Amino acid sequence: MGNTPSTSTKTKTNNEKQFDNFYQVIDYIATYYILTMDFESLSKLSNKEYCDKLVVITSDIIKKYFNDMEITYLAQRIKNGEEVNDLTKENVMFVNKDQLESLDIQNDVNKSIKKKRVCIGIAKFYVKIAHIFAAIVKTINPVYIYKDENGNVIKNGLLEKDKIPKNVQRKLYKLNICDNRIRSLNSMDTDDEKKEVNLHPKICSMNVNKDGSVKNLEDEPGIVELLQLYLDDNYDYSNGTFTGMSDATKKQFEKDLKTFYTAFTGNKDMPPEIKKFSDIKLRDYNNKNSCQGTNPVFKQNFILSNTDKLFVEYAKNISNMIQSASNKQSELLNVINELFIFINDPYSDKKKIRVNPTLTEDKLQKIVEKTRAIIIELYVKCEMDYVQNLKVYEAIVESKILETTKKQIDNLEKKANTMVTETSKKIQAPVDAPPQIPMPPPAVASGPVIASQPVIASQPVIASQPVVAPEPVITPQPVITSQSA
-2 MGNTPSTSTK
8 TKTNNEKQFD
18 NFYQVIDYIA
28 TYYILTMDFE
38 SLSKLSNKEY
48 CDKLVVITSD
58 IIKKYFNDME
68 ITYLAQRIKN
78 GEEVNDLTKE
88 NVMFVNKDQL
98 ESLDIQNDVN
108 KSIKKKRVCI
118 GIAKFYVKIA
128 HIFAAIVKTI
138 NPVYIYKDEN
148 GNVIKNGLLE
158 KDKIPKNVQR
168 KLYKLNICDN
178 RIRSLNSMDT
188 DDEKKEVNLH
198 PKICSMNVNK
208 DGSVKNLEDE
218 PGIVELLQLY
228 LDDNYDYSNG
238 TFTGMSDATK
248 KQFEKDLKTF
258 YTAFTGNKDM
268 PPEIKKFSDI
278 KLRDYNNKNS
288 CQGTNPVFKQ
298 NFILSNTDKL
308 FVEYAKNISN
318 MIQSASNKQS
328 ELLNVINELF
338 IFINDPYSDK
348 KKIRVNPTLT
358 EDKLQKIVEK
368 TRAIIIELYV
378 KCEMDYVQNL
388 KVYEAIVESK
398 ILETTKKQID
408 NLEKKANTMV
418 TETSKKIQAP
428 VDAPPQIPMP
438 PPAVASGPVI
448 ASQPVIASQP
458 VIASQPVVAP
468 EPVITPQPVI
478 TSQSA
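Sequential numbering from -2 applies to the sequence shown in the numbering used here.
Dropping the structure here:
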C-alpha cells in the first residue's frame, strides 16, 4: 500500500457528489462500476477461484501487527461504519507490500476455513447490491439497438452494454412497464393549424407475446429482477445466488402478489392457485369486441378537436402518468445515492464510483425493502392509470361513433327530403308537347331548282253503299185490238 495519509472530512465532503440525473447515473454506474471486473469479482467471491485472489485482513491480524492507537482508529471505522478522518491526529497505517499476502488469514492454519466464510459474506453483500441495482435499472429498461457487421439487428440491455462494439451507431429505447403503456396511449398525430388530433392508440397489441399468446406478469420487463429482491434465504454457494425466502419475506411476498393480481387483472379475490408472478395472466385486450372483426373500432383513427373535453382529460391523464413515473424514479435515485458515492480521485481528478462505506447488512436489508416498495408502487400505479385512461378512450370512441351515426342519419334525412321535393315537382309540372322533328333540307339537283309540288290532300274515303236488289221485270201485256162497231 505504501504511505497513505488520511484525508480530512472537509476534503471528503468536497469530493463526494450526489447523483441528480436518473438516466445518466445508472448508465455511468453500470459502465464504470457494475460491469467492471472489480465488482464482478466481489460478487463472485463464493467461488474459490475469486476468493483465493482476495487478501482478507481480519481484526486479530491487525491487532498483532499494529499498535493500540491504530487499532482504536480502525476498529472505530468498522464499528460505526463511518470513515474517521481527523487531521489533528494524522494517523497513518503502514504495511510492507511484500508482507501483504502473508497477512492473509488463509495462511493461518487454524483459520483457513474462516476465509471461505468471509468471502461468502462479502459475496452476499455485493450480490444484494447488484440485485437492487438491476431491479432499479429495469424500471427504465434502456435497450440499445444496433446492427452487427452482417446487418443483423442486435438488442442489448444496459447490463450488456459492454458487449456492444465501440464506435457502432446505436439507438436507445426505454422498454419498461410504464413507458410501454404510455406509448400505447400516446399514439397520435397533431395538426396545430387545424387544431385537430388524429388519435390511434395501440390497444389491441398490448399484453400480447410475439407468438400471439397473452402475457403473464413475469413476461413484463423488470418483474424477474424484482423477484430477486425477495430471495434472501438458501444461498447457493455454487453460483452465488439466493434461492429461497425467509418467513417474514414470504409473508410480504404473498401480500404484494395479491396487490399485483388485483391491479393487473381487475379482480379483487385472488384464487388459491396463484402462487407466483407468472401465474398472473394480464388483461386480454386483443380478444375484446373492439379489437375483433374486419374493421374493429380500436384499430381505427379518430379525428377530433384538441379542445374536445374528453381529449383534454385523456391528454392530462397521460401527462399525469409520465409525472407519476418520474416521481418514483426520483425516489429510486435516492436509493442509488444510498448505495453508491460519486467521488473525484484526488490524484487523477477523475470521477470514480464506489459502494457507500457506511453500508451495513442491516442498512442494506432496509434498502432492499424500500426499493421493493417503490418499484411495486410504480408498476401498480402505471397499470391502474392505464386502465383508467383506457376508459376515457372508450368514451371518446363511443362519442365519435354517436357523432358519426347522427351525421349519417342527418344525411339520410336530407337525401330523403330532397327526393320527396323533386318527386313532388315532377308530379305538379305540365306535360310538355313532344318536340317537332325538323324536316331534312331539300336535295340540291344539278339542274335548275324545281319548286316542290304542293302536297295534295288525300280524298276522304266514301263508305260503300248497300247493294239494292234489282226490281222485278214486268212482262208486257199484249195489245188488244179495238173492235169495230
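For each residue, glycine too, the CB sits at the ideal point set by N, CA and C. Remember, predicted model here, so these are calculated numbers, not experimental data.
#1: Within 10 Å of its beta-carbon, does residue 194 have 16 or more other beta-carbons around it, so buried, or fewer, so exposed?
#2: Judging by CA-CA distance, which residue of 257, 346 and 353 is the nearest neighbour of residue 278?
#3: In the DSSP output, what is residue 290 paired with across the bridge?
#4: Let me make sure I understand the geometry here. Which of 19, 220, 383 and 273 has the alpha-carbon closest to that of residue 373?
#5: With DSSP run on the structure shown, which of helix, strand or coil describes residue 94?
#6: Between residue 263 and the rest of its own chain, which residues show a CB-CB distance below 8 Å, the 5 nearest in sequence each way excluded?
#7: What are the start and end residues of the beta strand (DSSP E) that includes residue 140?
#8: At 4 residues or longer, and completely inside the segment 114 to 186: list those alpha helix (DSSP H) runs for me, N to C.
#9: Cβ atoms of residue 210 and residue 198: under 7 Å apart, would you say?
#10: Count the other CB atoms within 10 Å of the CB of residue 22; is the residue buried (16 or more) or exposed (fewer)?
#11: What are the complete alpha helix (DSSP H) segments, minimum 4 residues, inside the segment 206 to 282?
#12: Compare the C-alpha of residue 260 against each of 396, 346 and 376 and name the closest.
#13: Let me check understanding here. Comparing Cα to Cα, which of 365, 389 and 322 lies closest to residue 310?
#14: Can you find the residues in the same chain that come closer than 7 Å, C-beta to C-beta, to residue 483, ignoring five residues on each side of it along the sequence?
#15: For residue 121, which residues in the same chain have their Cβ closer than 7 Å to its Cβ, ignoring the five residues on either side in sequence?
#16: Please go through the same chain and pick out, in chain order, the residues whose beta-carbon is closer than 7 Å to the beta-carbon of residue 150, but skip the five residues on each side of it.
#17: Starting from residue 196, follow its DSSP beta bridges and name the residues at the other end.
#18: Taking C-alpha atoms, which residue in 20, 127, 241 and 413 lies nearest to residue 351?
#19: Does the segment 267 to 275 touch the segment 156 to 165, meaning 3 or more C-beta pairs lie closer than 8 Å?
#20: Let me check understanding here. Comparing Cα to Cα, which of 164, 284 and 298 lies closest to residue 187?
#21: Could you pull out every residue in the same chain whose Cβ sits closer than 6 Å to the Cβ of residue 369, ignoring the five residues on either side in sequence?
#22: Out of curiosity, what's the CA-to-CA distance linking residue 89 and residue 217?
#23: So which of 304, 366, 306 and 303 has the shortest CA-CA distance to residue 332?
#24: Could you pull out every residue in the same chain whose Cβ sits closer than 8 Å to the Cβ of residue 302, ignoring the five residues on either side in sequence?
#25: Measuring only the C-alpha atoms, how far is residue 406 from residue 287?
#26: Starting from the C-beta of residue 316, find all residues in its chain whose C-beta is less than 8 Å away, skip the five residues before and the five after it, and write them out in chain order.
#27: In the DSSP assignment, the alpha helix (DSSP H) including residue 317 goes from what residue to what residue?
#28: Can you tell me which of the three DSSP states residue 348 falls into?
#29: Straight-line CA distance for residue 249 to residue 146?
#30: Hey, out of 224, 255 and 251, whose CA is closest to residue 240's CA?
#31: When you compare the CB positions of residue 381 and residue 179, do they come within less than 7 Å of one another, or not?
#32: Residue 169: buried (16+ other C-beta within 10 angstroms of its C-beta) or exposed?
#33: Taking the straight line between their C-alpha atoms, what separation do you get for residue 312 and residue 125?
#34: DSSP three-state call for residue 284: helix, strand or coil?
#35: Can you grab the Cα-Cα spacing for the pair residue 293 / residue 29, in whole Å?
#36: Rounded to the nearest angstrom, how far is the Cβ of residue 204 from that of residue 282, given a contact under 8 Å?
On the basis of the supplied data:
#1: By 1-based counting over the sequence shown, the position of residue 194 is 197. The residue is buried, with at least 16 neighbouring Cβ atoms inside 10 Å.
#2: Numbered from 1 along the sequence shown, position 281 holds the residue referred to as residue 278. Answer by Cα proximity: 257.
#3: Counted from its first residue, the sequence shown places residue 290 at position 293. Bridge partners of residue 290: none, in fact.
#4: Within the sequence shown, the letter at position 376 stands for residue 373. Out of 19, 220, 383 and 273, 220 has the C-alpha closest to the C-alpha of residue 373.
#5: Residue 94 sits at position 97 when you count from the first residue of the sequence shown. Residue confidence for residue 94 is low, a pLDDT of 44 falling below 50, so the modelled location carries little weight; the figure read from the coordinates is stated next. Looking at residue 94 - three-state DSSP - the assignment turns out to be helix.
#6: Translated into the one-based positions of the sequence shown, residue 263 becomes position 266. So the list reads 280 and 384, once near-sequence residues are dropped.
#7: Position 143 of the sequence shown, counting from 1, holds the residue named residue 140. From DSSP, the beta strand (DSSP E) with residue 140 extends over 139 to 144.
#8: Runs of alpha helix (DSSP H) with 4 or more residues, each lying fully within the segment 114 to 186, are found at 174 to 182, listed in chain order.
#9: Numbered from 1 along the sequence shown, position 201 holds the residue referred to as residue 198. Numbered from 1 along the sequence shown, position 213 holds the residue referred to as residue 210. In this structure, residue 210 does not lie closer than 7 Å to residue 198 by Cβ.
#10: Within the sequence shown, residue 22 is the residue found at index 25, counting from 1. By the 10 Å Cβ count, residue 22 comes out buried.
#11: 220 to 225 and 244 to 262
#12: To locate residue 260, count along the sequence shown from 1; it is residue 263. Among 396, 346 and 376, the Cα nearest to that of residue 260 is on 376.
#13: Along the sequence shown, read from residue 1 onward, the residue named residue 310 stands at position 313. In this structure, 389 is the residue among 365, 389 and 322 with its C-alpha nearest to the C-alpha of residue 310.
#14: It is not possible to answer for residue 483, since the shown part of the chain is limited to -2 through 482.
#15: If you number the sequence shown from 1, residue 121 lands on position 124. Taken in chain order, the residues that qualify are 232.
#16: What you label residue 150 is simply residue 153 of the sequence shown in a count that begins at 1. Result list for residue 150: 142 and 144, in chain order.
#17: Position 199 of the sequence shown, counting from 1, holds the residue named residue 196. Answer is 185 and 299.
#18: As a first step, residue 351 must be located in the sequence shown, where it is residue number 354. Comparing Cα positions, the closest option is 127.
#19: no
#20: Position 190 of the sequence shown, counted from the first residue, corresponds to residue 187. When each option's Cα is compared against that of residue 187, the closest is 298.
#21: Here the question's residue 369 lines up with position 372 in the sequence shown. Correct list, in chain order: 226.
#22: As a first step, residue 89 must be located in the sequence shown, where it is residue number 92. As a first step, residue 217 must be located in the sequence shown, where it is residue number 220. Confidence at residue 89 is low in this model, with a pLDDT of 39, below 50, so its placement is unreliable and no value can be given for it.
#23: Position 335 of the sequence shown, counting from 1, holds the residue named residue 332. It is 366.
#24: Position 305 of the sequence shown, counting from 1, holds the residue named residue 302. Excluding positions up to five away in sequence, the list reads 192, 193, 194 and 308.
#25: As a first step, residue 406 must be located in the sequence shown, where it is residue number 409. As a first step, residue 287 must be located in the sequence shown, where it is residue number 290. Cα-Cα distance, rounded: 23 Å.
#26: For the purposes of this step, residue 316 is taken as the residue at position 319 of the sequence shown. So no residue of the chain qualifies.
#27: Counting from 1 along the sequence shown, the entry for residue 317 is found at position 320. Element bounds for residue 317: 306 to 336.
#28: One-based indexing of the sequence shown puts residue 348 at position 351. In the structure shown, residue 348 sits in a strand (DSSP, three-state: E or B).
#29: What you label residue 249 is simply residue 252 of the sequence shown in a count that begins at 1. What you label residue 146 is simply residue 149 of the sequence shown in a count that begins at 1. Each residue's alpha carbon lies about 48 Å from the other.
#30: If you number the sequence shown from 1, residue 240 lands on position 243. Comparing Cα positions, the closest option is 224.
#31: What you label residue 381 is simply residue 384 of the sequence shown in a count that begins at 1. What you label residue 179 is simply residue 182 of the sequence shown in a count that begins at 1. No. Outside cutoff.
#32: Counted from its first residue, the sequence shown places residue 169 at position 172. When all chains shown are included, residue 169 counts as exposed.
#33: In the sequence shown, counting from the first residue as 1, residue 312 sits at position 315. In the sequence shown, counting from the first residue as 1, residue 125 sits at position 128. Roughly 40 Å separates the two Cα atoms.
#34: If you number the sequence shown from 1, residue 284 lands on position 287. Correct three-state label for residue 284: coil.
#35: Position 296 of the sequence shown, counted from the start, is the residue given in the question as residue 293. Position 32 of the sequence shown, counted from the start, is the residue given in the question as residue 29. If you take the alpha carbons of residue 293 and residue 29, they lie about 50 Å apart.
#36: Stepping through the sequence shown from its first residue, residue 204 is reached at position 207. Stepping through the sequence shown from its first residue, residue 282 is reached at position 285. Correct: roughly 6 Å between the Cβ atoms.
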